[in-house]
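Below you'll find the structure, written out as structure tokens, and then a few comments.
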Amino acid sequence: MKKPVTFEILKSQPGTLGRAGVIHTPHGDIETPAFVVVGTKGTVKSLKPEDMEAYIGNQVALANTYHLYLQPGSDLVQEAGGLHTFMNWDKPTITDSGGFQVFSLGAAFGKGVTKFAQGDVAPDEKAGLNVYSKELAQEHGKLCVIDEEGVTFTSHIDGSMHRFTAERSIEIQHQIGADIIIAFDECTSPSADYEYQVEAMERTHRWAKRSILAHKQNFEALKKQGLLGVVQGGRHLDLRKKSAETLAAMDFDGFAIGGSFSKEDLGDSLKVVNEVLPEDKPRHLLGIGEPQDIMQGVAMGCDTFDCVAPTRLARTGTIYANVNGTHTRLNLMNAKYQRDFSKLDESCDCYVCQNYTKAYLAHLFKAREMLGAHLASIHNLCYIVNFTKRLREEILNG
RNA sequence: GCGUCGGUGGCAGAGUGGUCAAUUGCAUCAGACUGUAAAUCUGACGGGCUUCGCCCUACGCUGGUUCAAAUCCAGCCCGGCGCA
Numbered sequence: 006m007k008k009p010v011t012f013e014i015l016k017s018q019p020g021t022l023g024r025a026g027v028i029h030t031p032h033g034d035i036e037t038p039a040f041v042v043v044g045t046k047g048t049v050k051s052l053k054p055e056d057m058e059a060y061i062g063n064q065v066a067l068a069n070t071y072h073l074y075l076q077p078g079s080d081l082v083q084e085a086g087g088l089h090t091f092m093n094w095d096k097p098t099i100t101d102s103g104g105f106q107v108f109s110l111g112a113a114f115g116k117g118v119t120k121f122a123q124g125d126v127a128p129d130e131k132a133g134l135n136v137y138s139k140e141l142a143q144e145h146g147k148l149c150v151i152d153e154e155g156v157t158f159t160s161h162i163d164g165s166m167h168r169f170t171a172e173r174s175i176e177i178q179h180q181i182g183a184d185i186i187i188a189f190d191e192c193t194s195p196s197a198d199y200e201y202q203v204e205a206m207e208r209t210h211r212w213a214k215r216s217i218l219a220h221k222q223n224f225e226a227l228k229k230q231g232l233l234g235v236v237q238g239g240r241h242l243d244l245r246k247k248s249a250e251t252l253a254a255m256d257f258d259g260f261a262i263g264g265s266f267s268k269e270d271l272g273d274s275l276k277v278v279n280e281v282l283p284e285d286k287p288r289h290l291l292g293i294g295e296p297q298d299i300m301q302g303v304a305m306g307c308d309t310f311d312c313v314a315p316t317r318l319a320r321t322g323t324i325y326a327n328v329n330g331t332h333t334r335l336n337l338m339n340a341k342y343q344r345d346f347s348k349l350d351e352s353c354d355c356y357v358c359q360n361y362t363k364a365y366l367a368h369l370f371k372a373r374e375m376l377g378a379h380l381a382s383i384h385n386l387c388y389i390v391n392f393t394k395r396l397r398e399e400i401l402n403g
């Protein structure tokens, strides 16, 4: 049987792990390296799929299993004809497994911790320990509890209890129907200690195996959806290597690299991982997507990237701009932009930069007009999508 | 003119003898945001300093009562409303 998701390398970059290629999916090709736009709830916040086609040109969008399962319900998405039909986007899609919510609603909940740490992070025993009992979880105000079999979530929407296992996550992703689905994993906190990282990683490996089995049992889905395994190991290079080796031996259509990183050794982590992962399968870097990070990721052999930063920053008034060759964030709410009638970014020729000024967007944000979020999202996504495209061209032309 | 209610920080609006440089909201200024709990969150917001604290000036104006006044009293100024 022909696999629904395959990868083809067009050119490798000498001296690095970088490569330009194509991921073939039932809904079309993804030319890599590529930035994957995040549309968690089946919508890229503030944008219509038509906007993406008209103004951004992204080739693929990523939705979230946990969110769509809770609302409107994955059975409903299936009844609608699947994610593509439901949201009116007929290009490639990916669903994330819900593994990130194990982190964001668990260890990270209420703590302001992100998966991308900067500098040293003090080990926090509770980042690992407290996920084991419901009592401790409640005591620490967390919305999920982990055990060997899976994760019990308390809905952030209405407080109801929900159970995710590897099998359940895959089943839900079958209902949603994205081209690429992801094995259920645990994204660990950068503050979890080494011992816990080992434990969580090994558990994620067991879930990976179960995810493959669950996927293989659904022949219909097997024809239409490719499955990625998730490399874990946190900020420890030895664990990263181990995780990559373990997953490489499993029958995945590609790999996602997840978990927490540190700003300082992202490159090293990716290098270790991608030297081990099979070359002929695509590698997605989960949740990382600042321009500098993507540049590193590409050089270290990653093919696709998703990140909420461009859209989240956009909604809160911050835009990307290339200032004297440096990737910079500009907070348009700052007083100095009130009368700045220049385009958002001199080097950008996106629809927004062609038609609007910083002062106008600053006004929209100050006035809390929703058009601000819309225009800034278009610009930020264009910025990052085009940046990634240029990295691809550099490899192809290099 | 008489009566009555009221005048608080950029605005709105709490507070009615000490715990008040004064609740809160807005506005303002700045910061954060990396598989979206997020059109969100955090901080500052009278002035100065040796800034987990200290010193000045402040609740219409002037004076008074009191150990102590944004808070009580008197006069004045200003505004709303009612009656002339």
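The opening residue of the first sequence carries number 6 in the working numbering; numbering runs sequentially from there. Just so it is clear, CB atoms sit at the ideal spot from N, CA and C, and this is done for glycine as well.
- Of all the options Ser165, Ala183, Ile185 and Gly155, which has the alpha carbon lying nearest to the alpha carbon of Arg173? It is Gly155 whose Cα lies nearest to the Cα of Arg173.
- Message: One question on the structure: do Val43 and Asp311 come within less than 8 Å of each other, judged by their Cβ atoms?
- Response: In contact: Val43 and Asp311 (Cβ atoms closer than 8 Å).
- Within its chain, find whatever has a CB closer than 8 Å to the CB of Gly20; leave out the 5 residues flanking it on each side and keep chain order. Short of 8 Å from the beta carbon of Gly20, and not among the five residues preceding or following it, lies no beta carbon of its own chain.
- Residue range of the beta strand (DSSP E) that Met166 falls in? Per DSSP, Met166 belongs to the beta strand (DSSP E) from Met166 to Thr170.
- Nearest residue (CA-CA) to Ala189, options Ser216, Gly182, Glu204 and Ala183: The sequence given here has Phe at residue 189, not Ala. Per the C-alpha coordinates, the member of Ser216, Gly182, Glu204 and Ala183 positioned closest to Phe189 is Ser216.
- Query: Between Pro283 and Ala253, is the Cβ-Cβ spacing less than 8 Å?
  - Reply: In contact: Pro283 and Ala253 (Cβ atoms closer than 8 Å).
- Query: Helix, strand or coil for Ser274 per DSSP?
  - Reply: Helix at Ser274.
- Query: Considering only the beta carbon of each residue, do Leu233 and His220 sit closer than 8 Å?
  - Reply: No; because the gap between Cβ atoms is not below 8 Å, this pair is not in contact.
- Item | Sheet register partners of Arg334 (DSSP bridge) | Tyr325.
- Item | Cβ-Cβ separation, Gln180 to Ile186 (assumed contact under 8 Å), whole Å | About 11 Å separates the beta carbons of Ile186 and Gln180, which is beyond the 8 Å limit, so they are not a contact pair.
- beta strand (DSSP E) containing Ile299: first to last residue? Premise fails: Ile299 lies in the alpha helix (DSSP H), Pro296 to Ala304, not in any beta strand (DSSP E).
- Please list, in chain order, all residues of the same chain as Ile162 whose beta carbon is under 7 Å from its beta carbon, the five residues on each side excluded. Listed in chain order, the non-local C-beta contacts of Ile162 below 7 Å within the same chain comprise Leu75 and Gln76, local neighbours out to five positions each way being set aside.
- Give me the Cα-Cα distance between Leu401 and His145, rounded to the nearest whole angstrom. For Leu401 and His145, the distance between alpha carbons rounds to 50 Å.
- Item | Closest residue to Ser160 among Leu218, Leu73 and Arg240 (Cα-Cα distance) | It is Leu73.
- Given a threshold of 16 other Cβ atoms within 10 Å of its Cβ, counted over all protein chains shown, does Asn135 qualify as buried or as exposed? Confidence at Asn135 is low in this model, with a pLDDT of 46, below 50, so its placement is unreliable and the value that follows should be read with caution. So Asn135 ends up on the buried side.
- Query: If you draw a straight line from the alpha carbon of Gly322 to that of Lys228, how long is it in whole angstroms?
  - Reply: Cα to Cα, the separation comes out at about 42 Å.
- Query: Taking the alpha carbon of Asp270 as the point to measure from, which residue in Phe121, Gly104 and Ile28 has its own alpha carbon closest?
  - Reply: Ranking the options by Cα distance to Asp270, first place goes to Phe121.
- Item | Minimum C-alpha distance to Leu68 - residue among Lys246, Tyr60, Ala85 and Lys50 | Note on identity: in this sequence residue 68 is Ala, with Leu being the wrong assignment. Nearest neighbour of Ala68 by Cα position, chosen from Lys246, Tyr60, Ala85 and Lys50, turns out to be Lys50.
- Message: Can you tell me whether Thr309 is helix, strand or coil according to DSSP?
- Response: Three-state DSSP puts Thr309 in a strand.
- Express the C-alpha separation of Asp198 and Val390 in angstroms, rounding to a whole number. Taking the CA atoms as reference points, Val390 sits about 35 Å from Asp198.
- Message: Just verifying my parser: in three-state terms, what is the DSSP assignment at Leu233?
- Response: It is a strand residue.
- Cutoff 7 Å; reference Pro54; Cβ partners in own chain excluding five residues on either side: Excluding positions up to five away in sequence, the list reads Met92, Asn93 and Trp94.
- Message: Could you tell me the alpha carbon to alpha carbon distance between Leu88 and Gly47, rounded to whole angstroms?
- Response: Rounded to whole angstroms, the gap between the alpha carbons of Leu88 and Gly47 is 7 Å.
- Put Asn339 into one of helix, strand or coil per three-state DSSP. Shown here, Asn339 sits in coil according to DSSP, grouped into three states, outside any helix or strand.
- Item | Between the CA atoms of Val118 and Leu396 - distance to the nearest angstrom | Distance between the alpha carbons of Leu396 and Val118 is about 30 Å.
- Are Val98 and Asp184 closer than 8 Å when you measure CB to CB? Per the sequence shown, the amino acid found at residue 98 is Thr instead of Val. Cβ atoms of Thr98 and Asp184: closer than 8 Å.
- Message: Once the 5 residues before and after Ile14 are set aside, which same chain residues still bring their CB inside 8 Å of it?
- Response: Correct list, in chain order: Arg24, Ala25, Gly26, Glu284 and Asp285.
- Item | Beta carbon of Phe260 nearer than 8 Å to that of Val277 | At a Cβ-Cβ threshold of 8 Å, Phe260 and Val277 do not count as neighbours.
- Message: Rounding to the nearest angstrom, what Cα-Cα distance links Ala404 and Ala85 in this structure?
- Response: Outside the shown range of the chain (6 to 403) lies residue 404, about which nothing can therefore be said.
- Which class does Lys363 belong to by DSSP, given the choice of helix, strand or coil? Per DSSP, reduced to three states, the secondary structure at Lys363 is helical.
- Return the bridge partner residues of His289 from the DSSP annotation. When beta bridges are read from the DSSP output, His289 appears opposite Ala261 and Thr309.
- Tyr201 beta carbon less than 8 Å from that of Thr193: Their beta carbons are under 8 Å apart, which means Thr193 touches Tyr201 by this criterion.
- Task: Please look up how many angstroms separate the CB atoms of Leu275 and Met305, rounded, as I've assumed it's under 8 Å.
- Result: That belief holds up - the Cβ atoms of Leu275 and Met305 are roughly 4 Å apart, short of 8 Å.
- Entirely within the segment 19-57 and at least 3 residues each: give me those beta strand (DSSP E) ranges in chain order. Entirely contained in the segment 19-57, the beta strand (DSSP E) runs reaching 3 residues are, in chain order, 24-30, 33-37 and 39-43.
- Item | Identified DSSP bridge partners for Cys387 | The partner list for Cys387 (beta bridge, DSSP) is empty, contrary to what the question assumes.
- Look up Leu88 in the DSSP assignment and say whether it is helix, strand or coil. Correct three-state label for Leu88: helix.
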